[in-house]
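The structure appears right after this line, and notes come after that.
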Amino acid sequence: MLKGLDPLLSPDLLRILRAMGHGDMIAIVDGNYPAETDAKRLVRLDGHGAPRILDAILSVMPVDDMVPEAVWRPAAYLDPKRMEPVFEDFNSVLLKYEPKQKIVPLTGEDFYNKVKSCFAIVASSEPRLYGNIVVKKGVIYP
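Numbers 273 to 414, taken from this note's numbering, label the letters of the sequence shown in order.
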């Protein structure tokens, strides 16, 4: 345990977050996502939901504010306008840390390809369908 750090941030996850550079992306995926198949680097946080993991990550990692889009989610049932409860939970977490950021929906293969291009994937036990999110790391300003 460390002071001031969310206890959900495991040693493996902290190492990955620290190793990521500006512009690198991390995905948090639900329990149905083929994380083992798609990950270059994989951290398992079984027993935790995806919004809770996003909260822990954003407590230490900035989101890229130098690009027009830096946070993505899948389009539920191929409908980018459809808002699932898990998306609302992601949005609440994002607003807490990065109120200027918006979550951009991606359809089908576009989302899967975004996840596959990530520096790392965090596998959750999120039971809700489409409980996936990708975040691009920003910088810490002097």
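The C-beta atom is built at its ideal place from N, Cα and C for all residues, glycine as well.
Since the model is a prediction, treat every value here as computed from it, not as a measurement.
- Message: In whole angstroms, give me the CA-to-CA distance for Met355 and Gly403.
- Response: 11 Å
- Query: On the premise that Asp337 lies in contact with Lys372, defined as a C-beta separation below 8 Å, what is that separation, rounded to the nearest angstrom?
  - Reply: 7 Å
- Message: Tell me the DSSP secondary structure of Ile412 in three-state form.
- Response: coil
- Item | Bridge partner(s) assigned by DSSP for Ala299 | Ile393 and Val406
- Message: Quick check on the DSSP output: what are the complete beta strand (DSSP E) runs of length 3 or more inside the stretch 324 to 384, in order along the chain?
- Response: 343 to 346 and 376 to 378
- Query: How about Ala299 and Val387: are their beta carbons less than 7 Å apart?
  - Reply: yes
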